[in-house]
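Undergrad:
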Amino acid sequence: MNNSIIKRIFTTQASISTLPLRVIAGIIFAAHGSQKLFAWFGGYGLDGTGQWMESIGLAPGYLMALTVGSVEFFGGLLLIIGLLTRPTSAVLAITMVVAILKVHLANGLFMTNNGYEFALALLAISLALAIHGGGKYSADQVISHKL
Numbered sequence: 002m003n004n005s006i007i008k009r010i011f012t013t014q015a016s017i018s019t020l021p022l023r024v025i026a027g028i029i030f031a032a033h034g035s036q037k038l039f040a041w042f043g044g045y046g047l048d049g050t051g052q053w054m055e056s057i058g059l060a061p062g063y064l065m066a067l068t069v070g071s072v073e074f075f076g077g078l079l080l081i082i083g084l085l086t087r088p089t090s091a092v093l094a095i096t097m098v099v100a101i102l103k104v105h106l107a108n109g110l111f112m113t114n115n116g117y118e119f120a121l122a123l124l125a126i127s128l129a130l131a132i133h134g135g136g137k138y139s140a141d142q143v144i145s146h147k148l
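Residues 2 to 148 in our numbering are what the sequence shown spells out, letter by letter.
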């Protein structure tokens, strides 16, 4: 792979502003992914989540649950440490767009009606991190200084 592309992926500004975004969004994404993958925190695991995904037209449900659960769980862990922040955030943003369109949009904005308010906030955080990068105190910053 071109060294210039690798540098762009890891390069980040030395701002601390992304630290709370990364850590808090990372915890939320990892927790939601663990519900789908491992049935932790009251989740339904791969089988239950897969059946639900089939019911809303995301087929094959088991594979979709595995994919989304993995993106959320491992993406959340990557955000927490700030590794591959830009590509991880871009994939998480796409996941949130799908969640908004397929699950929440018809219910309106507010979470009280299972609306898209929370997914929209996670989408905004993901987009900000995709643009800005991991920032200060991220693995990306450590790696970018060695390139």
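Think of the CB as a built atom: it goes at the ideal place given N, C-alpha and C, for glycine as much as any other residue.
Under three-state DSSP, which class holds asparagine 4?
TA: helix
Undergrad: With a 10 Å radius around its C-beta and 16 neighbouring C-beta atoms as the bar for buried, classify histidine 146 as buried or exposed.
TA: exposed
Undergrad: What separation, rounded to the nearest whole angstrom, lies between the Cα atoms of threonine 96 and serine 56?
TA: Threonine 96 and serine 56 have their C-alpha atoms roughly 18 Å apart.
Undergrad: Could you name the residues of the same chain whose beta carbon sits closer than 8 Å to that of isoleucine 28, not counting the 5 residues immediately before and after it, in chain order?
TA: Taken in chain order, the residues that qualify are Gly77 and Ile81.
Undergrad: What runs of the alpha helix (DSSP H), each 4 residues or longer, lie entirely inside the segment 23–66?
TA: 46–56
Undergrad: Using C-beta distances below 6 Å, list every residue in its chain close to alanine 31, excluding the 5 sequence neighbours before and after it, in chain order.
TA: Phe74, Gly77 and Leu78
Undergrad: Put glycine 134 into one of helix, strand or coil per three-state DSSP.
TA: coil
Undergrad: Round the Cβ separation of leucine 130 and arginine 9 to the nearest angstrom and send it over; I've been treating them as touching at under 8 Å.
TA: The C-beta separation of leucine 130 from arginine 9 comes to about 15 Å, leaving the pair out of contact by the 8 Å criterion.
Undergrad: For the alpha helix (DSSP H) containing glutamine 14, list its first residue and its last residue.
TA: That residue, glutamine 14, is in no alpha helix (DSSP H); it is neither H nor E in DSSP.
Undergrad: Could you check which residue in Val104, His33, Ile101 and Ser5 has the C-alpha nearest to that of valine 69?
TA: His33
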